[in-house]
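Here the UniProt record's numbering is used: the first residue of the sequence shown is 1, the next is one more, and so on.
A virtual CB, placed ideally from N, CA and C, is assigned to each residue, including glycine.
Owing to the predicted nature of the structure, the values given are computational and were not obtained by experimental measurement.
To start, the structure itself, in structure tokens.
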Amino acid sequence: MTEVVYIGLGSNLADPLDQLQRASLALSNLPDTTLSALSSWYQTPPMGPQDQPDYLNGVAQLNTTLPPTQLLQALQAIEQDHQRVREHHWGPRTLDLDILLYGDQVIDLPELKIPHPGIYQRNFVLLPLAEINAQLRFPDGNTLAMRLENCPSEGIVRLSPGDFCGTTG
């Protein structure tokens, strides 16, 4: 059965825009998967340690028949292709790909938690989600609009394509 899945994308190292564009292409090339929507990119301050560059974040909507754990493995392989190093929790990274939602499923495995923990408190996830699907309802029955009311949007900047003109990596 085909499921609608939302993937969070983030990067703050090694030309983040290029990392996210290449990751988006890799998502579109996953087997049994279609990339059906991609949000704008948002510049956000880092969570946790502040002695690192700002992040670029966005959300992709996929339609896939891959099971959740197989999709997780595919995302981790894409991260590896981007030289992702897992040294510090909330540390800088070339690429971070997270399964935010997988249909209306709730999954609680040691290696995979869906909805993604912290999704409801992260403006850099909720705002791009709203751009893709403003009518989204979470597995707990709450709406995206309700979640956005309780999540401040300070510090997040939606970037337009013109913001990237003339930038260097």
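Counting along the chain, the unbroken beta strand (DSSP E) around T34 starts and ends at T33 to L38. Only residues of its own chain outside the window of five on either side were considered, and among them A37, S39, V59 and Q61 have a CB closer than 7 Å to the CB of I132, listed in chain order. By the Cβ rule, the region 66–86 counts as touching the region 23–34, because three or more pairs are nearer than 8 Å. For A60, the enclosing beta strand (DSSP E) has its first and last residue at Y55 to T64.
With respect to the 8 Å criterion, T64 and A14 are not classified as neighbours on the basis of their beta carbons. T33 and Y55 have their C-alpha atoms roughly 26 Å apart. In this chain, the beta strand (DSSP E) harbouring I107 covers I107 to L109. By the CB criterion at 8 Å, L159 and Q43 fall inside the cutoff. Its chain contains Y6 and P115 as the residues whose beta carbon lies nearer than 6 Å to that of L101, once the 5 sequence neighbours on both sides are disregarded; these appear in chain order. Ranked by Cα distance from E154, the first of G141, L20 and Q121 is Q121. Excluding the 5 residues flanking it on each side, F138 has no same chain C-beta neighbour closer than 6 Å.
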